[in-house]
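For reference, the structure is listed below as structure tokens.
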Amino acid sequence: MHVIETLAVSEAALGSVPAQWDAERAITTLYGAHYRTLVRLAALLVRDVATAEEVVQESFIAMHASWRKLRDTDKALSYLRQSVVNRSRSVLRHRVVVDRNAPMPPPLAPSAEQGAIVALERSAVVCALHRLPARQREALVLRYYYDLSEAQIASAMGISRGAVKSHTARGLSSLRAVLEMEV
Amino acid sequence: MTEPDRKFEEEIRRALYAAGDLVVPAGDGLNKIRERAARQPPAPGWFAARVARLPRQLARGAGVAASEIAATTRGYSSLGPLRASVRRWPGQARHALRTPGMWLRPALATAAALLLVIGVTLSIPRLRATVGAQLDSAFGNSSGHSPGGALGGHMPSSGSHRASAPVSCRQQYETWEHGPVQDSMGSLRAVLKTIPADRKSGNAAGVRSGMRELVPAALGLASHPLPPCVDPAGLYDTFVTRVYTAGSGARSAKAAGAVLRAAASLNQVTKLGRQLAAEINRVLAKN
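For the protein sequence lines, the chains are A and B, in the order given.
For the first sequence, the numbering used here begins at 8 and goes up steadily by one.
For the second sequence, the numbering used here begins at 180 and goes up steadily by one.
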């Protein structure tokens, strides 16, 4: 393999895909490199592994469908991240409506997936995180779990850099307050 | 940022990583994506929307056309001035040809300026080489995609005797050295100079930002390969790959320790760079 092709494959692992690649190849490469991390990001946002997988798969399908229309293939990962954050937000919004109108009793026998959710909930920080407003939670997860820069967070959340700064600062202070209250 | 703030941030980071590590996605995700992508309707939503709007747009277009025809028959068409100006074009063109004073001077001035630019370009060797290289890549003799091709990789041109004059290895190297690779090489040199100093002083942020510069520099170098005659062993490719690997390692590193470890691999890059320089000097001394 020539050096340029080697670099193209490595670049794909970092989220930018050569423009001449077809949707199938790009999706396969991006899946291999980023699926697990994106599912974890979504799971931290929606607190449900199955829904997180669903959200990420839908994002991949949306990218597959609009691959030809994607203006900048260098930003494939950024597009995926943004899609995951938006869909997670929609899921949470929908969940609020469903919970309000038809409260469902929790399942009696815990499944394996339920076990993962329980383990997620065991962390005091994650528990406290879910008491924050959605935007602050997204900003904190993208900043501290995904290690994104302010500009990348702004792009993923669809807000300005200033708003990212304020959400992060407010989120941190709220999180500190919640954790101190629990202690 | 104060020390307690930093500690609190580290605590959040650790908790999120620990919580994230508990999530293990099922292994059949890609199959599910493929299946669901295949089930997607072939016509995208925007196309369906366009089709739905088409009858209304056609009706509106027909209405406009009908009102225009009606206005034309009554002599009030809004296209009247346009048609009149189109009818005047041949007359205006004939008038312009009959009076050379209108166009001769600007044409002569343009030609003189063009000749001056070409003359200046050809009189400066470096500029001539750059233009030659650009022409080469524009006419499909691109070095980025066919290094070592039928013509033996780079064939820097020199004006009009591009096809006839054979280009020596040294000339090829000089063209490459003074070409667009200069920018990437300059930024790489600067990074290789600053990172060791930052590493020594324990400035992890400085090292991280320096290491991030390596990936674009490597991509820049990769798109301008060294002429194969200068580097028969292909050391340049290895060098570029190492630079890239070091940069991408630092880009994906989350902890400061990992960034510093990635920076440590730059020693090998520097060593390889020296080897490459020695190899180039050896080859050029023979030519």
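Backbone N, C-alpha and C define an ideal beta-carbon position, used for all residues, glycine too.
Which of helix, strand or coil DSSP assigns to B/Asn382: Start at 1 with the first residue of the second sequence, and residue 382 of chain B comes out as number 203. Three-state result, B/Asn382: coil.
Residue-chain proximity (A/Gln143, chain B), Cβ-Cβ < 7 Å: For the purposes of this step, residue 143 of chain A is identified with residue 136 of the first sequence, where counting begins at 1. No, A/Gln143 does not count as interfacial toward chain B.
Where does B/Leu451 sit, in a helix, a strand or coil, going by DSSP? Position 272 of the second sequence holds residue 451 of chain B. Helix at B/Leu451.
I think A/Thr58 touches A/Val98, with their Cβ atoms under 8 Å apart; what is that distance to the nearest whole Å? Position 51 of the first sequence holds residue 58 of chain A. Position 91 of the first sequence holds residue 98 of chain A. Confirmed, about 6 Å.
Flag A/Val53 as yes if its beta-carbon sits less than 7 Å from any beta-carbon of chain B, otherwise no. Against the first sequence, residue 53 of chain A aligns to sequence position 46. So no, A/Val53 is outside the interface.
Selection from A/Val132, A/Ala170, A/Ser162 that minimises the alpha carbon distance to A/Ala184: Against the first sequence, residue 184 of chain A aligns to sequence position 177. Comparing Cα positions, the closest option is A/Val132.
Could you check how far apart the C-beta atoms of A/Glu60 and B/Gly208 are, in whole angstroms? I think they sit under 8 Å. Within the first sequence, residue 60 of chain A is the residue found at index 53, counting from 1. Within the second sequence, residue 208 of chain B is the residue found at index 29, counting from 1. Sure, about 6 Å apart at Cβ, within 8 Å.
Less than 6 Å between C-beta atoms, sequence neighbours within five positions excluded: which residues of the same chain meet that for B/Gly385? In the second sequence, counting from the first residue as 1, residue 385 of chain B sits at position 206. When the five nearest sequence neighbours on each side are left out, the beta carbons in the same chain lying within less than 6 Å of the beta carbon of B/Gly385 are those of Asp377, in order along the chain.
Which chain C residues sit within Cβ distance under 8 Å of A/Gln64? The question asks about chain C, but that chain is absent: this structure's protein chains are A and B.
Please confirm if B/Leu405 has its CB atom under 7 Å from at least one CB of chain A. Sequence index remark: in the second sequence, residue 405 of chain B carries index 226 (1-based). At a cut-off of 7 Å between beta-carbon atoms, B/Leu405 makes no contact with chain A.
Below-7 Å beta-carbon distance, B/Arg239 vs any chain A residue: Residue mapping note: residue 239 of chain B aligns to position 60 of the second sequence, counting from 1. Chain A contact via Cβ: absent.
4-residue-minimum alpha helix (DSSP H) runs that sit fully inside the region 384-409 of chain B, ordered along the chain: 393-401
List the residues of chain A that B/Arg192 touches, going by C-beta distances under 7 Å, in chain order. Position 13 of the second sequence, counted from the first residue, corresponds to residue 192 of chain B. Within chain A, the residues near B/Arg192 are Tyr151.
So what does DSSP say about B/Thr181, is it helix, strand or coil? In the second sequence, residue 181 of chain B corresponds to position 2, counting from 1. If DSSP states are grouped into helix, strand and coil, B/Thr181 belongs with coil.
Cβ contact check for the region 65-84 of chain A and the region 141-156 of chain A: 3 or more pairs under 8 Å: no
As a quick exercise: from A/Leu48, A/Leu77, A/Leu84, pick the residue whose alpha carbon is nearest that of A/Thr36. In the first sequence, the residue the question calls residue 36 of chain A occupies position 29. Among A/Leu48, A/Leu77, A/Leu84, the Cα nearest to that of A/Thr36 belongs to A/Leu84.
Contact with chain B by A/Glu61, beta-carbon distance below 7 Å: As a first step, residue 61 of chain A is located in the first sequence; it is residue number 54 there, counting from the start. Output row for A/Glu61: interface = no.
Using 10 angstroms around the beta-carbon of B/Trp355, count the other beta-carbons present and answer buried if the total reaches 16, otherwise exposed. Translated into the one-based positions of the second sequence, residue 355 of chain B becomes position 176. With 16 or more other Cβ atoms within 10 Å, it is buried.
Between the region 149-182 of chain A and chain B, which residues of the former have a C-beta closer than 8 Å to a C-beta of the latter? Tyr151, Tyr152, Asp154, Leu179, Leu182
Rounded to a whole number of angstroms, what is the C-alpha to C-alpha distance between B/Thr278 and B/Arg284? Sequence index remark: in the second sequence, residue 278 of chain B carries index 99 (1-based). Sequence index remark: in the second sequence, residue 284 of chain B carries index 105 (1-based). Roughly 11 Å separates the two Cα atoms.
I'd like to know if A/Arg75 contacts chain B, where contact means its C-beta is closer than 7 Å to some C-beta of that chain. On the first sequence, residue 75 of chain A is found 68 positions in, with the first residue counted as 1. No, A/Arg75 does not count as interfacial toward chain B.
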